[in-house]
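To start, the structure under review is shown below, and the notes come after it.
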Amino acid sequence: MIVLRSLILAWGDLLRPRILSLVAMGIGLTILLFVALQAGTFWLIRLVTPGSFALPWLGSVDVGDALSWGSLALFPLMGFFLMAPVAAGFSGLFADRVADAVEDIHYPASRGRALDFLDGMLESLAVMAAVLGVAILSLMLTPFLGPLAPLLFYGANGWLLGREFFQMAARRHLDAPLASDMRRRHGLRVTLAGALVAVALTIPVVNIGVPLLAAAAFTHLFHLLSAGTGRNSGHRRG
């Protein structure tokens, strides 16, 4: 199966020194971002909550202090729902560098051209906003959807992440309309790969390195699909 083969090849690539250094940077940035988010939540709660009040037997209780420390329990939940949009954002920073390394190693005769930095970042930010919207919607609907909530979360994020990562891989070789057309023709495989990435993003610790795994996997997926259709994936961008 092409999707699984792409993920297996990408996993092996993560251990290569050239890509492992990017993984280390990605892990550092991810940890820094989530610590900053948690610290911001902690101090915001202390800022907006009232002072203390008295409880029988317990005496005076500082509400801001109790709620701010209690917010630390939200850290795992924050990671579960926000790791997908963080992955979409980081893809714009690292995807081209990972794709360069993967193509140098596996597809030297079919290397693509990097996207303009601004173009890649704007696309990443747009999808990051969409994925964040899905995360917030999933969180709000979880009490009502019950066991169906994960289907919404993984299905929607699978489509969005698959679209983002595949589009970035394809646009190294194809103009935007051709890249979109190829993504639509292989929509099921692209969405399945995106859903597997979304699942990996909800696994603690593992999820920190998943954005770069996804960038490598979708680079492989593009080349394997191109080879399977006999399409020449060489530089067709204008």
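Per this note's numbering, the very first residue in the sequence shown carries number -2; after that it's consecutive. Beta carbons: idealized from backbone N, C-alpha and C, even for Gly.
Linking Ala33 to Ala126 through their CA atoms gives a straight-line distance of about 19 angstroms. Around the beta carbon of Gly155, 16 or more other beta carbons lie within 10 angstroms, which makes this residue buried. Taking 7 angstroms as the cut-off, the beta carbon of Ala214 is found no closer than this to the beta carbon of Ser18. Excluding residues up to 5 positions away in sequence, Ala197 lie with their Cβ nearer than 7 angstroms to the Cβ of Val203 in the same chain.
In the DSSP annotation of this structure, Thr199 is not part of any alpha helix (DSSP H), being labelled neither H nor E. A check of alpha carbon separations from His170 across Tyr104, Leu185 and Gly206 identifies Tyr104 as the nearest. Non-local C-beta neighbours of Arg94 in its own chain, meaning closer than 8 angstroms and more than five positions away in sequence, comprise Leu19, ordered along the chain. Residue Val207 holds the alpha-carbon nearest to the alpha-carbon of Trp8 among Val207, Leu129, Arg108 and Asp178. Under the three-state reduction of DSSP, Ala111 is assigned to coil, being neither helix nor strand. Taking the Cα of Val131 as reference, the smallest distance to any Cα among Gly152, Gly143 and Ala173 is reached at Gly152. Counting along the chain, no alpha helix (DSSP H) covers Ala106, and no H or E run does either.
Scanning Gly143, Ala36 and Leu26 for the CA closest to the CA of Leu90 turns up Leu26.
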